[in-house]
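Colleague: Take a look at the following structure, please.
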Amino acid sequence: MALYQLLEASARRRPGHTAVVEPGGGEIDYASLDRLSDRLRDRLVAMGVQPGDRVGMYLRKSIDGVATIFGILKAGAAYVPVDPTAPASRNAFIHNNCAVRAVVTERRVEAAYREELAKLGPVPPMIVMEKTGGGAGLHQALEGLGAAPVSASVPRGDDDLAYILYTSGSTGKPKGVMLSHRNARSFVDWCSQELDPRETDRFSSHAPFHFDLSILDIYVPIKHGATLVLVPEEIGKEPLALAELIAKYRISVWYSAPSILSLMAQFGRLPERDLSALRTVLFAGEVFPIVHLRSLKKQVPHPRYFNLYGPTETNVCTWYECPREVEETRVDPYPIGKVCSNLEGKVVDADGRPVEPGEEGELCIAGPNVMQGYWALPELTAAGFLPPDGSGKRWYRTGDLVVLDANGDYIYRGRRDRMIKKRGYRVELGEIEACLYRHPQVREAAVVALPDDQLGMKVIAHLVGREQVRLSIIELKRFCSEHLPVYMVPDVFRFHEVLPKTSTDKTDYQKLKDLA
15 MALYQLLEAS
25 ARRRPGHTAV
35 VEPGGGEIDY
45 ASLDRLSDRL
55 RDRLVAMGVQ
65 PGDRVGMYLR
75 KSIDGVATIF
85 GILKAGAAYV
95 PVDPTAPASR
105 NAFIHNNCAV
115 RAVVTERRVE
125 AAYREELAKL
135 GPVPPMIVME
145 KTGGGAGLHQ
155 ALEGLGAAPV
165 SASVPRGDDD
175 LAYILYTSGS
185 TGKPKGVMLS
195 HRNARSFVDW
205 CSQELDPRET
215 DRFSSHAPFH
225 FDLSILDIYV
235 PIKHGATLVL
245 VPEEIGKEPL
255 ALAELIAKYR
265 ISVWYSAPSI
275 LSLMAQFGRL
285 PERDLSALRT
295 VLFAGEVFPI
305 VHLRSLKKQV
315 PHPRYFNLYG
325 PTETNVCTWY
335 ECPREVEETR
345 VDPYPIGKVC
355 SNLEGKVVDA
365 DGRPVEPGEE
375 GELCIAGPNV
385 MQGYWALPEL
395 TAAGFLPPDG
405 SGKRWYRTGD
415 LVVLDANGDY
425 IYRGRRDRMI
435 KKRGYRVELG
445 EIEACLYRHP
455 QVREAAVVAL
465 PDDQLGMKVI
475 AHLVGREQVR
485 LSIIELKRFC
495 SEHLPVYMVP
505 DVFRFHEVLP
515 KTSTDKTDYQ
525 KLKDLA
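Read in my numbering, the sequence shown has 317 at position 303, and its numbers run on one by one without any break.
Written out as structure tokens, the structure reads:
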């Protein structure tokens, strides 16, 4: 089944039910969303878009954007969303890289975007909205182009490309992760099995559409005929406004990166809000410091809390439901849990050989969630998988180091590529961060390492203190020396009001390196 059929089925079953709410921009029911996406499908087909083509999206999050996604899928194409806050040059590179056949965009970015595209090659045809909001922007743009012949939605196979999500690449250029209809549907079906979504739910959409968390946000509520509440980008990192939004729109399922939940736990004044509708809290994308998770659970104790883990290449591949009780003495983050029931996992050493339970190794995943590969990068795709073992299974190398504990849960230890050597010792930077988060006056911590003529590698800890407390370097070094071997104690401590974040709300390690 193609992803767009999830919308068609819900539109038949619950035509008048609210499908998407856009705070400040209105709402749209299932029948109207289905019709609007049909109109975009017809226009794209009239423009020459064929099955298997890629269509770019350069839009702010909106009802228009949701309709655009389904219209592209109905035309048999794959959608390629970009960060609407990123430079036009980066977005032009992405769309040129995967040779988009057409683009749906906004007037506010059109001129700069066209200029950058023209530097790279032919500029594809565009559907340009004067502005987004409530679906009116897309409707008016299509009206301005005139009526297009009605086309049927294009049947798609399980392995046909559905979307490409671009992530940062080690070469400095973004790389495109290719996901099929099967990849997404397998994940959505797993969510239906384990997370108890209901047609009465109101799901948050905090993640931008170019971030893989958006796959759950969009398709799970649409499948179940529930309601999707779009979180405006301008309040995406404002804890007070986010807490108010959860209460006002009676959100029942929240999903975001831990950093956002940490902000709400610290500054959202959550006990003052009516959050009684909230029954499920999902987080993924990075480690959730236990001190902030504990605070969140104390303030909002009634929901179920799930730690979801997985790179863009697999979407969620392991999960862990946090205990109901608040564990006051716990100092370590919760496990990333067990492999999802639709997937398989194994832990291997640097040579690809399985390790024994309790030994550290790299987590590898096989199954229907796993990407097709990286767009136009066959060598990188091959390097992302273990060599064939004769089983016919494709084992994706996540690059994440884990240990299988006695309960059968995976414990996350850090990134393979965040391992350095200092004074002959292997040092995992994530372990230093975990130590710093145990300090009672540390609110945020990020550790980077840079080559140094004298030290070999200089370890730099970037910190944000609690309540604007000026942290003592002497005290921090003493604290670290009490919890870490001396060779792991940071060489330099730097202090910030906030740590820089990427567009997907993860710590921006590259910017921290650039600052140094």
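Ideal Cβ positions, reconstructed from N, Cα and C, are used throughout, including at glycine.
Going by Cα to Cα distance, which pick from Cys112, Arg430, Leu259 is closest to Lys189?
Modeller: Cys112
Colleague: Pairing CB atoms from the segment 218 to 231 with CB atoms from the segment 261 to 272, are three or more of them under 8 Å?
Modeller: yes
Colleague: Taking only runs that begin and end inside the segment 482 to 513, name each unbroken beta strand (DSSP E) of 3 or more residues, in chain order.
Modeller: 506 to 509
Colleague: How would you call Val503, buried or exposed, if buried means at least 16 neighbouring beta carbons within 10 angstroms?
Modeller: buried
Colleague: With DSSP as the reference, identify every bridge partner of Gly479, one or two as the case may be.
Modeller: Per DSSP, the beta-bridge partners of Gly479 are Val456.
Colleague: Report all residues from its chain with a CB closer than 7 Å to the CB of Pro138; omit the five preceding and five following residues, and keep chain order.
Modeller: In chain order, Val114, Arg115, Ala116, Val117 place their CB closer than 7 Å to the CB of Pro138, counting only its own chain and leaving out the 5 sequence neighbours on each side.
Colleague: Which residues does DSSP pair with Tyr194 in a beta bridge?
Modeller: Per the sequence shown, the amino acid found at residue 194 is Ser instead of Tyr. Paired residues: Leu175.
Colleague: Assuming Val168 and Lys75 form a contact by the criterion Cβ under 8 Å, report the distance between their Cβ atoms to the nearest whole angstrom.
Modeller: That belief does not hold up - the Cβ atoms of Val168 and Lys75 are roughly 26 Å apart, past 8 Å.
Colleague: What does DSSP give as the partner residues of Tyr388 in its beta bridges?
Modeller: Val191
Colleague: Applying the 10 Å Cβ sphere with the 16-neighbour rule, what's the burial state of Glu239?
Modeller: A small correction: the amino acid at residue 239 is Gly; Glu does not occupy that position in the sequence shown. Looking at its Cβ environment, which holds 16 or more other Cβ atoms inside 10 Å, Gly239 is buried.
Colleague: Could you give the DSSP three-state label for Trp409: helix, strand or coil?
Modeller: Looking at Trp409 - three-state DSSP - the assignment turns out to be coil, as it is neither helix nor strand.
Colleague: Determine the contact status of Val330 and Leu377, defining contact as a CB-CB distance below 8 Å.
Modeller: Inclusion of Val330 and Leu377 in the CB contact set at 8 Å is not warranted, their separation being larger than that value.
Colleague: Taking Ile77 as the reference, give the member of Glu36, Pro136, Ile304 with the closest Cα.
Modeller: Glu36
Colleague: How long is the line joining the alpha carbons of Arg2 and Gly479, rounded to whole angstroms?
Modeller: Outside the displayed range of the chain (15 to 530) lies residue 2, so it cannot be described from this structure.
Colleague: Do the CB positions of Glu445 and Ala460 come within less than 8 Å of each other?
Modeller: In this structure, Glu445 keeps its C-beta atom at 8 Å or more from the C-beta atom of Ala460.
Colleague: Classify Asp431: buried if its beta carbon has 16 or more other beta carbons within 10 angstroms, exposed otherwise.
Modeller: exposed
Colleague: Taking the beta carbon of Lys311 as the centre, do at least 16 other beta carbons fall within 10 Å, making it buried, or is it exposed?
Modeller: buried
Colleague: With a threshold of 6 Å on Cβ separation, who are the neighbours of Val441 within its own chain once the five nearest residues in sequence on each side are excluded?
Modeller: Correct list, in chain order: Ile434, Met502.
Colleague: What number of angstroms, rounded off, separates the C-alpha of Leu526 from the C-alpha of Leu498?
Modeller: 23 Å
Colleague: Kindly indicate the opening and closing residues of the alpha helix (DSSP H) around Leu377.
Modeller: Segment 375 to 380 is the beta strand (DSSP E) holding Leu377; no alpha helix (DSSP H) there.
Colleague: Please list the segments of the alpha helix (DSSP H) lying wholly inside the segment 223 to 305, counting only runs of 4 or more residues, in order along the chain.
Modeller: DSSP assignment within the segment 223 to 305 yields the following whole alpha helix (DSSP H) runs of 4 residues or more, N-terminal first: 228 to 238, 253 to 262, 272 to 281.
Colleague: CB Leu400 to CB Val361, shorter than 8 Å?
Modeller: no
Colleague: Measure the alpha-carbon distance for Met192 versus Glu373 and round it to whole angstroms.
Modeller: 32 Å
Colleague: What residues in its chain sit with their C-beta under 8 Å from that of Thr99, if we drop five residues either side in the sequence?
Modeller: Glu247, Ser517
Colleague: Just verifying my parser: in three-state terms, what is the DSSP assignment at Val353?
Modeller: Reduced to three states, the DSSP call for Val353 is strand.
Colleague: As a quick exercise: from Gly250, Ser206, Thr214, Glu258, pick the residue whose alpha carbon is nearest that of Tyr233.
Modeller: Cα-wise, what sits closest to Tyr233 is Ser206.
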